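**Student:** Residue numbers (my numbering): 23 to 84. Don't be surprised by glycine CBs; every beta carbon is placed ideally from N, CA and C. Here the structure is a predicted model, which is why all the values come from computation and not from measurement. Below is a structure I'd like to ask you about.
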Amino acid sequence: VLSILLTAISPIHWFSKNPGIAEYLFLGIFIFKAVGGFVLFYGFAKGKNFNGAIWNSKYYNA
Numbered sequence: 023v024l025s026i027l028l029t030a031i032s033p034i035h036w037f038s039k040n041p042g043i044a045e046y047l048f049l050g051i052f053i054f055k056a057v058g059g060f061v062l063f064y065g066f067a068k069g070k071n072f073n074g075a076i077w078n079s080k081y082y083n084a
């Protein structure tokens, strides 16, 4: 939802003189990837454990 909002308010005319639907789709994909990257980066930076079964493995640091 955040990436759709950011795509809607972004100035597409900075990137293309005659923007069409394809330019909005490409910009939306890149903004979606950027938002996902920020979420993952800050999730790992905060030390979030995304899957507890991985860390409880008997092979971890064996």
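I need the DSSP call for Val23, collapsed to helix, strand or coil.
**Tutor:** Reduced to three states, the DSSP call for Val23 is coil.
**Student:** Report the three-state DSSP secondary structure of Phe37 (helix, strand or coil).
**Tutor:** It is coil, neither helix nor strand.
**Student:** Taking just the CA atoms, how far does Lys80 sit from Phe60?
**Tutor:** So the alpha carbons of these two residues sit roughly 31 Å apart.
**Student:** According to DSSP, is Leu59 part of a helix, a strand, or is it coil?
**Tutor:** For clarity, residue 59 is Gly in the given sequence; the question names Leu instead. Of the three classes helix, strand and coil, the one that applies to Gly59 here is helix, per DSSP.
**Student:** Please return the same chain residues whose Cβ sits closer than 6 Å to the Cβ of Leu24, not counting the five positions on each side in sequence.
**Tutor:** Taken in chain order, the residues that qualify are Val57.
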